[in-house]
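Written below as structure tokens is the structure these notes are about.
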């Protein structure tokens, strides 16, 4: 199973369209919110899309779906306190029997595996917070019960180095400190 996961495109429609066209054979197309598009926009055709904090359109706040032995959750993240870490979202996943959650909102790509509960943020297609200065998206492949997540530069389509995730952890730690003040 292959999933293309994007978030926080914020009207970067050319990038969003090019990314979608580059991957015509995905099993699922996921948009974690803040598309800033209307629900019936052709760019979102085929996407499971949730409402972000900058979306005016009537998207659902969350989507749950199942494929094979996996239960998925798609949210934007603001209602799940994602700036404060993974605890709230992890507990929500356990309560609702969710294996894999996709979220956005932070503009920081991240990946957590807590007791085989995967929390995946593809980052922002537009631009991420961090030292590297480019946007990202994710390709998730699930094969033989192995969940593989790869992050890509939204302009060059090149696979990102570990810098993206390690830099993102530092940014999220800073947010947690600020929220405790």
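Numbering (the UniProt record's numbering), first residue to last: 1 to 181.
For each residue, glycine too, the CB sits at the ideal point set by N, CA and C.
Model, not experiment: these values are computed from the prediction.
Using 8 Å as the Cβ pair cut-off and three pairs as the minimum, do the stretch 72-84 and the stretch 44-64 touch? yes
Output needed for residue 160: all residues of its chain with C-beta closer than 7 Å, excluding positions within five of it in sequence on either side, in chain order. Taking the chain shown and counting its residues from 1, the one referred to as residue 160 is at position 160. Here the set comprises 136, 151, 152 and 153.
CB-CB length for residue 83 against residue 106, believed under 8 Å: Residue numbering aside, residue 83 sits at position 83 when the chain shown is read from its first letter. Residue numbering aside, residue 106 sits at position 106 when the chain shown is read from its first letter. Sure, about 6 Å apart at Cβ, within 8 Å.
Residue ranges of each alpha helix (DSSP H) run of no fewer than 4 residues wholly in the stretch 54-130, ordered along the chain? 87-95
Just to confirm the assignment, what range does the alpha helix (DSSP H) spanning residue 20 have? Your numbering for residue 20 matches position 20 in the chain shown. Per DSSP, residue 20 belongs to the alpha helix (DSSP H) from 13-22.
Following the continuous beta strand (DSSP E) through residue 2, name the residue where it begins and the one where it ends. In the chain shown, residue 2 corresponds to position 2, counting from 1. If you look at residue 2, you'll find it in the beta strand (DSSP E) that goes 2-6.
Tell me which residues share the same chain as residue 29 and place their Cβ nearer than 6 Å to its Cβ, disregarding the 5 neighbours each side in the sequence. As a position in the chain shown, residue 29 is number 29, starting the count at 1. Contacts found: 4, 46 and 47.
Please go through the same chain and pick out, in chain order, the residues whose beta-carbon is closer than 6 Å to the beta-carbon of residue 57, but skip the five residues on each side of it. The residue given as residue 57 occupies position 57 in the chain shown. Non-local beta-carbon contacts of residue 57 in its own chain, meaning distances under 6 Å to residues more than five positions away in sequence, involve 38 and 39 in chain order.
What does the Cβ neighbour count give for residue 68, buried or exposed, with the cut at 16 atoms within 10 Å? Working through the chain shown from its first residue, we reach residue 68 at position 68. The residue in question, residue 68, is exposed, as its Cβ has fewer than 16 Cβ neighbours within 10 Å.
Nearest to residue 42 (by Cα), restricted to the options 17, 50 and 25: As a first step, residue 42 is located in the chain shown; it is residue number 42 there, counting from the start. Minimum Cα-Cα distance from residue 42 among the listed residues 17, 50 and 25 corresponds to 17.
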